[in-house]
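If you read the sequences in order, they're chains A, B, C and D. For the first sequence, my numbering assigns the number 11 to the initial residue and increments by one for each residue that follows. For the second sequence, my numbering assigns the number 11 to the initial residue and increments by one for each residue that follows. For the third sequence, my numbering assigns the number 11 to the initial residue and increments by one for each residue that follows. For the fourth sequence, my numbering assigns the number 11 to the initial residue and increments by one for each residue that follows. Glycine included, C-beta positions come from ideal geometry on N, C-alpha and C. As the structure is a prediction and not an experimental result, all values here were calculated from the model. A short write-up of the structure that comes next.
There are 4 protein chains.
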Amino acid sequence: MSRTVGSFGPKTLETIRKAGLRLIFEHGYEAMSLRQLAAEVGIRPSSLYNYMHTKQDLLFSLIEMHMQELLDQVDAALTGVVEPAERLAAFVAFHVRYHMVRKSEVSVVNFELRSLDVEHYATVVEMRKRYESRLSDIIEDGIKQGAFAPLDVSVATFAILAMLTGVCSWYRPDGRLSEAEIIDAHIGMALRSLGASIIAR
Amino acid sequence: MSRTVGSFGPKTLETIRKAGLRLIFEHGYEAMSLRQLAAEVGIRPSSLYNYMHTKQDLLFSLIEMHMQELLDQVDAALTGVVEPAERLAAFVAFHVRYHMVRKSEVSVVNFELRSLDVEHYATVVEMRKRYESRLSDIIEDGIKQGAFAPLDVSVATFAILAMLTGVCSWYRPDGRLSEAEIIDAHIGMALRSLGASIIAR
Amino acid sequence: MSRTVGSFGPKTLETIRKAGLRLIFEHGYEAMSLRQLAAEVGIRPSSLYNYMHTKQDLLFSLIEMHMQELLDQVDAALTGVVEPAERLAAFVAFHVRYHMVRKSEVSVVNFELRSLDVEHYATVVEMRKRYESRLSDIIEDGIKQGAFAPLDVSVATFAILAMLTGVCSWYRPDGRLSEAEIIDAHIGMALRSLGASIIAR
Amino acid sequence: MSRTVGSFGPKTLETIRKAGLRLIFEHGYEAMSLRQLAAEVGIRPSSLYNYMHTKQDLLFSLIEMHMQELLDQVDAALTGVVEPAERLAAFVAFHVRYHMVRKSEVSVVNFELRSLDVEHYATVVEMRKRYESRLSDIIEDGIKQGAFAPLDVSVATFAILAMLTGVCSWYRPDGRLSEAEIIDAHIGMALRSLGASIIAR
DNA sequence: TATGAATGAGGCTTCATTCAT
DNA sequence: AATGAATGAAGCCTCATTCAT
């Protein structure tokens with residue numbers, strides 16, 4: 011409810027995106043009204059249209075922006091890591107940390123896809139597939155190289171992604187465990203689930 | 011003025027629930043309109059109120075009914091199974107199968123909680139905690155008995171639940187793998203992730 | 011809210027009328043719903059139609075019945091009283107007492123006329139005129155006989171009626187003054203307002 | 011899509027208030043629909059909400075505004091008048107004239123109080139009490155000074171107010187009597203009812 | 001006599017959006 | 001860049017009423 015009064019010109023777009031993300035995260039896209047959003051930003055509803063085309067476009071741009079960031083960052087996180095088990099650990103560490111730190115963004119991306127219209131939906135699903143392939147490639151390589159047990163790559167990919175992503179539905183910064191402990195626990199479970207011997211880190 | 015042919019009294023409630031569940035699954039609770047629902051059922055919007063109090067009550071009753079069924083069935087599935095690894099396998103088998111077969115129900119339960127008002131929300135969260143405790147009890151016992159590696163029960167519970175539940179976001183009855191194959195794959199991953207030796211089944 | 015459970019057959023009509031009167035008094039005719047009424051009576055809305063034709067008819071029958079009673083009783087109260095001042099006092103005493111004791115009925119009659127459709131409205135207005143003529147006749151006679159000051163009969167009639175009727179908007183049985191005290195006060199004011207010398211009673 | 015000709019911004023609020031007052035006067039608050047009101051104003055129902063928060067708020071603001079005007083004007087009318095009988099005459103003259111000229115406003119204030127929600131109701135009742143005290147103060151002073159007969163102040167206040175207010179339920183500008191005649195008649199009756207000797211004016 | 005089920009009409013209100021200023 | 005005013009569409013829900021059982 012904290013109205014950001016006095017945000018002029020160039021900063022306003024950023025304010026709208028931040029408030030929009032939070033409101034969608036809290037109430038859902040359908041349940042968030044542009045009245046609410048405008049009130050949070052400290053402008054009138056009609057003024058929003060100086061910064062966006064439609065409500066739907068706002069949602070899409072938020073989702074796309076964060077999918078792109080996810081893709082960029084995962085590649086950075088994997089750069090220079092070669093061994094399958096190491097790469098898996100790196101992926102897990104990155105994914106879990108990202109899902110703890112960027113909880114809202116990630117939740118919006120995951121929950122509000124169905125509110126996208128067909129074309130926007132297709133675009134995002136394609137990006138998601140690209141992201142998933144980062145993990146499935148690691149698993150496939152690991153199996154080929156004998157580092158992981160011979161299991162169905164597809165199922166394993168979905169299962170591990172779901173396991174890791176789950177963290178954003180319960181993690182709280184002031185919780186009992188530290189970020190590092192949570193990440194390590196997930197690395198352990200992911201590696202073991204693939205039949206890998208735990209690596210020293 | 012006369013009764014519309016094709017929808018008789020006693021069956022109508024069931025029709026409403028089925029259609030409501032499907033529409034909420036497809037569009038989300040906020041996005042589903044009672045006009046839509048009534049049209050699907052073949053009655054007028056105002057007639058819905060002969061079967062429900064409010065839209066919110068419809069959502070709650072759907073969610074509660076399916077949470078109760080989940081609780082009843084998990085207990086039945088675990089009855090008579092004693093060894094931790096066996097119990098875990100039984101839980102995984104039940105949970106995954108339920109989430110493949112009852113995909114819509116389960117998705118609605120998981121995604122639409124935020125649309126419940128405070129009291130209804132509290133009721134359902136309590137039921138969900140009861141369900142989660144079935145798994146965490148198994149993991150806790152397994153660790154105590156040395157069947158599983160010594161890991162954080164809470165994290166492990168959430169991680170495995172998320173992994174298993176994920177199946178309902180991609181499973182399709184006409185997919186490449188059979189139900190049994192998918193279930194076995196998840197049993198394997200879950201057991202390994204806990205550091206259990208794979209059991210013979 | 012006290013549901014009168016178990017009112018069978020012949021008594022039900024009376025129960026409906028009583029509850030209807032009270033509800034219209036409390037909420038107004040437009041604001042009272044037949045759902046409410048049925049609930050108070052302990053039957054289903056559709057069952058009301060075994061006892062009345064429409065909601066409008068219920069209102070009319072209540073109003074008409076009580077107008078008729080008012081007419082009957084005022085004539086009884088004036089029977090045998092001859093002197094204008096005495097007749098005025100008798101009228102005032104009757105009118106004020108009736109408006110204290112039958113507060114709800116009288117308020118409904120006075121406030122809900124506008125909710126009657128044209129024909130019903132005309133009927134009731136005619137009855138009301140008949141009632142008013144009881145007072146205006148007394149005033150007219152009193153002026154002719156020199157018992158009252160020479161003033162406009164019409165204005166005096168309306169003014170005194172309004173004054174007396176006002177009692178039902180503030181009287182409470184547990185109030186500071188007794189019925190008799192209130193009645194006497196009004197007799198005094200009415201007589202004086204017409205320039206009559208106060209009579210001994 | 012373009013602006014409907016014939017109703018410009020700044021005047022619309024006033025138009026809404028006037029039409030709203032008239033419709034509530036004619037049909038009652040509950041019976042007046044916002045569709046009706048919008049149609050009278052020449053805008054669409056949803057446009058009403060650019061000028062009011064809710065239907066209830068419209069009612070309250072109309073009532074409050076007119077109660078405030080009544081309070082302001084009565085004080086002006088009594089300014090500089092000192093003798094109790096003179097003050098009473100001034101009060102009667104003001105009240106009757108106001109109730110003849112502002113018939114609709116006054117009727118809405120008197121009849122629609124019950125449609126106000128609790129808080130709004132309390133506010134208005136308090137204002138009404140303040141208004142009534144103008145009259146009761148006059149009566150009380152008159153009795154103390156021996157200008158009026160010793161009677162119950164409360165009853166006399168209610169009785170005279172009711173008598174005077176009654177005028178708005180029958181007065182018609184094209185009636186037999188002039189405003190002045192009606193006012194004089196009421197002054198006479200009010201003074202006499204309190205046992206005052208008629209003053210020369 | 002009672003009622004479950006159905007309904008057309010309509011209740012108030014919110015919505016995203018447009019456009020002239 | 002901002003907004004007041006307007007709007008069509010639609011939201012959930014209540015209403016009085018009907019009628020077959």
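Option in the options with minimal Cα separation from residue i
i                : options                                : result
Pro160 (chain C) : D:Ala132, D:Lys139, D:Met75, D:Ala195  : D:Ala195
Ile149 (chain A) : A:Met137, A:Arg97, A:Ser114            : A:Arg97
Ile53 (chain B)  : B:Ala29, B:Met137, B:Ala41             : B:Ala29
Tyr108 (chain C) : C:Leu23, C:Ile192, C:Thr22             : C:Ile192
Ser146 (chain B) : B:Val102, B:Ser125, B:Tyr181, B:Arg124 : B:Val102
Ala200 (chain C) : C:Arg182, C:Gly152, C:Tyr39            : C:Gly152
Glu115 (chain B) : B:Ile197, B:Cys178, B:Ala157           : B:Cys178
Val57 (chain B)  : B:Thr25, B:Asp85, B:Ser117             : According to the sequence as given, residue 57 (chain B) is Ser; it is not Val. Selected option, being the one with the closest Cα: B:Thr25.
Asp67 (chain C)  : C:Arg112, C:Ser117, C:Arg27            : C:Arg27
Ser164 (chain B) : B:Gly185, B:Lys139, B:Arg186, B:Pro183 : B:Lys139
Ala87 (chain C)  : C:Ala41, C:Tyr141, C:Thr64             : C:Tyr141
Lys113 (chain A) : A:Thr64, A:Arg182, A:Ile170, A:Gly198  : A:Arg182
Thr89 (chain A)  : A:Lys21, A:Gln46, A:Tyr61, A:Arg144    : A:Arg144
Leu23 (chain D)  : D:Glu40, D:Tyr39, D:His63              : D:His63
Assigned exposure category for residue i - 16 Cβ within 10 Å defines buried
i                : result
Thr175 (chain D) : buried
Thr167 (chain B) : buried
Ser203 (chain C) : buried
Leu69 (chain B)  : buried
Val135 (chain C) : exposed
Tyr59 (chain C)  : exposed
Ala132 (chain B) : exposed
Gly156 (chain B) : exposed
Val128 (chain A) : exposed
Ser125 (chain A) : buried
Ala172 (chain A) : buried
Gly185 (chain D) : exposed
Residue-chain proximity (residue i, chain D), Cβ-Cβ < 8 Å
i                : result
Met173 (chain C) : yes
Met110 (chain C) : no
Met199 (chain C) : yes
Element boundaries [alpha helix (DSSP H), containing residue i]
i                : result
Ile53 (chain D)  : No alpha helix (DSSP H) contains Ile53 (chain D), which DSSP labels as neither H nor E.
Arg144 (chain B) : 128-154
Met77 (chain B)  : 65-88
Glu189 (chain D) : 189-203
Glu96 (chain A)  : 94-111
Ser164 (chain A) : 163-175
8 Å Cβ cutoff, residue i in contact with chain C
i                : result
Ala29 (chain D)  : no
Ala169 (chain D) : yes
Ala210 (chain D) : In this prediction, Ala210 (chain D) scores a pLDDT of 46, lower than 50, which makes its location untrustworthy; no coordinate-derived value is stated.
Ile34 (chain D)  : no
Phe104 (chain D) : no
Ile192 (chain D) : yes
Pro121 (chain D) : Reading off the sequence, residue 121 (chain D) comes out as Phe, not Pro. Yes, because at least one Cβ of chain C sits closer than 8 Å to the Cβ of Phe121 (chain D).
Leu98 (chain D)  : no
Chain A within 8 Å of residue i, Cβ atoms only
i                : result
Asp127 (chain B) : no
Val165 (chain B) : yes
Gly152 (chain B) : no
Gly16 (chain B)  : Bear in mind that a pLDDT of 44 at Gly16 (chain B), under 50, signals an unreliable position, so the model cannot answer this.
Gly205 (chain B) : yes
Arg124 (chain B) : yes
Any chain B beta carbon closer than 8 Å to residue i
i                : result
Met11 (chain A)  : Confidence at Met11 (chain A) is low in this model, with a pLDDT of 40, below 50, so its placement is unreliable and the value that follows should be read with caution. Not an interface residue.
Gly156 (chain A) : no
Arg54 (chain A)  : no
Ala86 (chain A)  : no
Ala195 (chain A) : yes
Distance cut-off 7 Å: residue i Cβ against heavy atoms of the ligand ATP
i                : result
Arg144 (chain A) : The ligand ATP is not among the ligands present in this structure, which contains no ligands whatsoever.
Stretch-stretch touch, CB-based, cutoff 8 Å, three pairs: the region 85-104 of chain B with the region 48-62 of chain B: no
Inter-stretch contact (C-beta, 8 Å, three-pair minimum) for the region 108-127 of chain B and the region 75-82 of chain B: yes
Stretch-stretch touch, CB-based, cutoff 8 Å, three pairs: the region 19-39 of chain A with the region 114-126 of chain A: yes
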